[in-house]
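Structure record follows, encoded as structure tokens.
4 protein chains.
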Amino acid sequence: MAPQRQLKVGILGATGTVGQRFIKLLALHPYMHTHVLGASARSAGQKYIEVVKWKQVTRVPEDIAQMVVEECVVNDKWKECDLIFSGLAEGDAGEIESAFCAAELPVFSNAKNHRRDPLTPLIVPLVNTSHLSVLPAQQAARSLQRGFIVTNANCSTTGIVIPLKALEEAFGPLDAVIVTTMQAISGAGYPGVSSFDIMDNVVPYIGSEEEKIEWETSKILGGVLADASGFDLHAQSPLRISASCNRVPVLEGHTECVSVSFKRRPAPSPEEVKDAMRRYTCEAQTLNCPSAPKQAIVVHEEVDRPQPRLDRDDQEGAGVNVGRVRRCGVLDIKFVVLSNNVGIGAATSSITNAEVAHAKGIV
Amino acid sequence: MAPQRQLKVGILGATGTVGQRFIKLLALHPYMHTHVLGASARSAGQKYIEVVKWKQVTRVPEDIAQMVVEECVVNDKWKECDLIFSGLAEGDAGEIESAFCAAELPVFSNAKNHRRDPLTPLIVPLVNTSHLSVLPAQQAARSLQRGFIVTNANCSTTGIVIPLKALEEAFGPLDAVIVTTMQAISGAGYPGVSSFDIMDNVVPYIGSEEEKIEWETSKILGGVLADASGFDLHAQSPLRISASCNRVPVLEGHTECVSVSFKRRPAPSPEEVKDAMRRYTCEAQTLNCPSAPKQAIVVHEEVDRPQPRLDRDDQEGAGVNVGRVRRCGVLDIKFVVLSNNVGIGAATSSITNAEVAHAKGIV
Amino acid sequence: MAPQRQLKVGILGATGTVGQRFIKLLALHPYMHTHVLGASARSAGQKYIEVVKWKQVTRVPEDIAQMVVEECVVNDKWKECDLIFSGLAEGDAGEIESAFCAAELPVFSNAKNHRRDPLTPLIVPLVNTSHLSVLPAQQAARSLQRGFIVTNANCSTTGIVIPLKALEEAFGPLDAVIVTTMQAISGAGYPGVSSFDIMDNVVPYIGSEEEKIEWETSKILGGVLADASGFDLHAQSPLRISASCNRVPVLEGHTECVSVSFKRRPAPSPEEVKDAMRRYTCEAQTLNCPSAPKQAIVVHEEVDRPQPRLDRDDQEGAGVNVGRVRRCGVLDIKFVVLSNNVGIGAATSSITNAEVAHAKGIV
Amino acid sequence: MAPQRQLKVGILGATGTVGQRFIKLLALHPYMHTHVLGASARSAGQKYIEVVKWKQVTRVPEDIAQMVVEECVVNDKWKECDLIFSGLAEGDAGEIESAFCAAELPVFSNAKNHRRDPLTPLIVPLVNTSHLSVLPAQQAARSLQRGFIVTNANCSTTGIVIPLKALEEAFGPLDAVIVTTMQAISGAGYPGVSSFDIMDNVVPYIGSEEEKIEWETSKILGGVLADASGFDLHAQSPLRISASCNRVPVLEGHTECVSVSFKRRPAPSPEEVKDAMRRYTCEAQTLNCPSAPKQAIVVHEEVDRPQPRLDRDDQEGAGVNVGRVRRCGVLDIKFVVLSNNVGIGAATSSITNAEVAHAKGIV
């Protein structure tokens, strides 16, 4: 294999929770390396180690520690980048990402701001990288050659769409999905959830999270219009989805209890469902993307798995874990999903999306 | 009002988690007082304070501390009791409770052993105290005059049947119920759940819990046969129920996310549902039972309530708290229930059942 | 006993953690009632229930819920008060409390701002209410008739000075104290400690806390100068104190491991120490202050007590719990203290101080 | 370097918490591999995967999963081992380890049973591997050629003796040590601490832990008698040590607040202490033992470190982390130590001890 050209990467929001995860993952990446770190104007001009509240369990990589932080404003340094990852919080993300895109930089974003845009792909890398085919339409609309925005999904959506995609591939369209989430506090960023609110407690509400799951799922599981001018939003076979979102005292890893019904009659059996999940593969895997997991969906037979503390780091959090696949007394099948909200649910998602885009020659 | 005759009460399993709660509640009871404390043969003959690992946040009542513990074998001391509460674990409960019943003692049990018996009432005191009418049939079958067994439900069942009963009373039979529970560790007794298993974790499995919820709900929400010879098990309008049970790092208070559909079309609106829950009253309240809550179902309008830490002690845990009543995208209505698993979910349930029985002249 | 005149009380910082605790305690108080609620300009003019994030396990008292919040600026309403409690955070507390004092209102403050003032008493109500005798000097210096400021101590100081005072009363001056604290997250207010920082963790640092313990202890355990013109700061027998402060994942209740040495030789035995602690009484008790605990120091014989979850609500958190009194291999005696940081460590402290002042005719 | 001969290793207590950690560490070891797994008679004859409750965050190594478990009784399979690691609990450890030793197998034990034996080394690998020189005396007394027992220390002792050793090496004998521990629940094995006891709580007592710290420290920091016939137990300069041990809601990593005084006057400054700790190296490092950390003591300058969640996995938990080195107002210097109780505190300790013994030709 020819030596891989190194890609220069810029990170918007580099001091935040997701930004730190980008840095940690890129430190080990075979062909992407961190070229610019972007943070608020207040931090700009200082060394990264001086402005970050590093919360990872590994040390700050030494070369990153000494890098001088830039403001999140396009300049010559940013323009040297092959691509941009954005870990910005939603307050700032919209405008900044648009500006970087307009400067002909490919932006892979974790923020919610552009997810609903009719020309912006919302991609879970183990599910719908085919949606990258809409990028020419996005660039045409913006008169851009190279710049674009690709978003990835909300962390709680990501966990469920992977097994749901496996089910639709194997058994045809789903009819209905009811999901109850038990989400980790790291999903809220830092400082995020007050310890006073969550210790010895469950908070049965996460602002706008249920709407996100319900809306994003249809965009992600849906296809691309025939002329690649946009997304079909699962329109031919509308999905009924109902989500109940809860915050629980867990550091990392979202657990979700899912019940589904199929259009197909008879519905598949639990054994068929498990088999379909285990066999499921995606484009990120066939393209040998380095951040793609070996197994997209790990299916457990143990009666009490997956569990966030024990399974969130399996495959470095790049796949999802499913367990307890069994019949549902109301819908057809129910199961438990565990996904790493800061792995496949955030930074790993963006990086894998970029790897797929790179493998396809888009970046 | 004439002064109330004091009732002598015996407690089986007095050193366990539920037994301690019985002692704590009875210390303040207007007309029941603890007469005998029963524990294992190993503890018998010693003072309660010497054998109990007291885990309540109030001190052991002084008179109880000095009481000598008896073995759980019927003797003259036990026979002086007007009624027996059983906080025994399931291993021993079946035979011991049967023996006490056979000795003509009314037994109110928290254990699961007799719940499925076709002549034994399974009573949630805010729901189906009318099932006491089957006791004559039970006594006849056993040739008893005064002895009987009444069980109360599993703690996770108790939480949901109260609002479900309110809905059936107001809107007719339910069609389907999907519930995901997030259950407190105190539901598993002591030592119960290892800290190593639950800290920073969710365990998506509780042995036989889902089956209990699915089965018990039909017995509790069902009626009594016309000749009071048994229970109709909701047979005319079978309920479809699907439960997913999880253990979460919470000390006390089970949180349950519930979606329901109604037979009735159109289904009631969220406002009608909240109104029906708020108006719901039960026999334990109309009979002025001292342990019945003032409000059976407290409905919250705050977007993020109920929460176990903040709401589990409301009304001393004798009612249930409901919040987030809203439309479900798959079934009709969804909401969150919070019930105190050691209050209405266990000891308070037994005591209120006994109060109703007493008010009706059965004990 | 003649009916007690009702005192009108104003609460500065009424929406914060300590402010909420004042409201909760005063709702049950025999002769103080809440007359004004003060909060930020942003909240002023609205009903309390609309602006507070109520975090107590009991509901907001109904009359308080409907009260309109005032700004923390002296006006006619505030002037109707007999006394003021301040739960303000340190940023605002200094100037606001001074302004209320200057308006001839007696202020009992939880904030740190005035604690080091040479004419301001720093009072732990179970220890040094005798320091109120300095108030005439404070008023003279400020040309005030009725206004004054009394502070209470930092929550971690409060826990240890009570048993230390008992030891000095019984055995004469202490020589040295080494204390390691394990402090609850509620000590940091709301939102306070991020769950991301404290879940499954210990933070071995609390800003300026160690200095507070070391400094405050000498002022509190010291006496008043002969002419009541100030405090002697334990000057005749300087105390050597070393504190190590840690935050632990506990909601309420500070646990502190203390080792002490005495000037007296031979040092008292563990039995003598326990006896002295049990016999210790203070002025707030002899004056029958309603918020004073029955027992100032509860001494445990159980090998594993006190524990925050089990003992923090004993006597409504108005006393302290001590256990594990034993010889220290380096200093003389070591023991464990548990004090409720939002009870005796904060709001209860201020209220009891005011009760003592009232009993002495000062308010 | 010549290819390293592979050593065959047997693990006693292979299904327990420490046993699992041995398996996990040995799966990656350059020259030791797991040859026999020993567990209770009840598990013997079954595959490891069928009898273990695996609680590690990585999967069971595939070859280990399929190994058939042996009883902990010497047989031909066990005799093929070059050395034995024991993760047995104290109930069984004494006799079983003695039997394996008597069968001429070198045993490296985590259990406490043989630690006080006057001929058995109690070794913390970063401190006193020189104590291996007593093994000939041990073997002579037992008439053995190859069998021996080496123990490692209690997990809470291990954390502090490493920095204390660094201080004695640099500044001469210590005079006194006061330590307060905040210990993780994993130190108690599995199921260990009930969640009901530790959630939202601190337990200020761990059975016999304080005595262990106080006793073990003198043996470990002491030397070997001139004729290598035993240990001098720091007799020439007796250490005064006082420990207060607490269990806190942390999964892994013991935090310890330590105050020390030196015989030397003047005492070293905080800067000198930090420098001495950073410069400290040990025999396991100079012998290039693969499990020894690169840096024995990592000294933090950040004001709020070390913290268990962030620092326990630094260097795979093979070193210790020290922070907050500062003057103590009573003794001379105080600091915070964080050590991984299942890393250097247990399995890593045994393995490194074995590596040193191997490097010295003893196994």
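Residue numbers (UniProt numbering), protein chains in the order written: chain A, 1 to 363; chain B, 1 to 363; chain C, 1 to 363; chain D, 1 to 363. The C-beta atom is built at its ideal place from N, Cα and C for all residues, glycine as well.
Taking 8 Å as the upper bound for CB-CB distance, Leu12/B and Gly38/B are in contact here, some 5 Å apart.
Against chain B, the CB of Ser156/D has no partner CB under 9 Å away; the residue lies outside that interface.
In the structure shown, Asn154/B adopts coil according to DSSP, grouped into three states. Along the segment 165-196 of chain C, the positions whose C-beta sits under 8 Å from a C-beta of chain D are Ala176, Val177, Ile178, Thr180, Met182, read in chain order. A residue is called buried when at least 16 other Cβ atoms come within 10 angstroms of its Cβ; Leu88/C meets this threshold and is buried. Within the segment 19-30 of chain D, no residue has its Cβ closer than 8 Å to any Cβ of chain B. Taking a cut-off of 8 Å on C-beta distances, the segment 252-267 of chain C touches the segment 242-255 of chain D, as three or more cross pairs fall below it.
Interface with chain C (9 Å Cβ-Cβ cutoff): Leu251/A is included.
At a Cβ-Cβ threshold of 9 Å, Val224/D and Ser133/D count as neighbours. Residue environment: Glu90/D is assigned as exposed (fewer than 16 neighbouring CB atoms within 10 Å of its CB, all protein chains considered).
Of the residues Asp200/A, Pro136/A, Asp332/A, Arg59/A, the one whose Cα lies closest to the Cα of Arg265/A is Asp332/A. Taking 3 residues as the shortest admissible run, the segment 173-216 of chain B contains the following complete beta strand (DSSP E) segments, listed from N- to C-terminal end: 174-183. Excluding its 5 nearest sequence neighbours in each direction, Ser349/B has C-beta neighbours in its own chain below 7 Å: Val124, Pro125, Asn152, Thr158, listed in chain order. Of Arg324/B, Lys165/B, Ala41/B, the smallest CA-CA separation from Val177/B is found for Lys165/B. Counting C-beta pairs closer than 8 Å gives fewer than three between the segment 53-66 of chain B and the segment 77-87 of chain B, which falls short of the contact rule. DSSP, read as helix, strand or coil, puts Lys360/C in coil. Just measuring C-alpha positions, the residue of Cys289/D, Ser339/D, Thr286/D, Ser261/D sitting nearest Arg327/D is Ser261/D. Counting only unbroken stretches of 3 or more residues, the beta strand (DSSP E) elements lying wholly within the segment 275-359 of chain A are 297-299, 320-327, 333-339, in sequence order.
Distance from Ile344/B to Val320/B at the Cβ level is roughly 6 Å; contact confirmed, criterion being Cβ atoms closer than 8 Å. With a 10 Å radius around the Cβ and a threshold of 16 neighbouring Cβ atoms, Asn113/B comes out buried. Under the DSSP assignment, Cys72/C falls outside any alpha helix (DSSP H); it carries neither an H nor an E label.
Assignment of alpha helix (DSSP H) within the segment 109-166 of chain D, counting only whole runs of 4 or more residues, yields 135-142 in chain order. Residue-level contact check: Met32/B does not touch chain D, since none of the beta carbons of chain D fall below 9 Å from its beta carbon. In the DSSP assignment, the residues bridged to Met32/D are Leu7/D. By the Cβ-count criterion, Gln183/B is buried, with 16 or more other Cβ atoms from all chains shown falling within 10 Å of its own Cβ. At least one CB atom of chain C sits nearer than 9 Å to the CB of Gly329/D. Three or more pairs of CB atoms, one per stretch, sit closer than 8 Å, so the segment 307-321 of chain B contacts the segment 57-70 of chain C. Secondary structure at Ala89/D: coil, using DSSP grouped into helix, strand and coil. Within the segment 92-124 of chain A, no residue has a Cβ lying closer than 7 Å to any Cβ of chain B. Phe22/D: member of the alpha helix (DSSP H) spanning 17-26, first to last residue.
Here the C-alpha atom of Ala102/B lies approximately 59 Å from the C-alpha atom of Val107/D. The three-state secondary structure of Pro270/B, taken from DSSP, is helix. Note: Ile84/D is bridge-paired with Gly10/D, Val107/D in the DSSP secondary-structure output.
Neighbourhood of Ile213/D in chain B, by CB distance below 8 Å: empty, with the nearest CB roughly 22 Å away. Taking Glu169/B as reference, the option from Gly189/B, Asp275/B, Glu50/B with the minimal CA-CA separation is Asp275/B.
It is roughly 15 Å from the alpha-carbon of Gly172/D to the alpha-carbon of Arg240/D.
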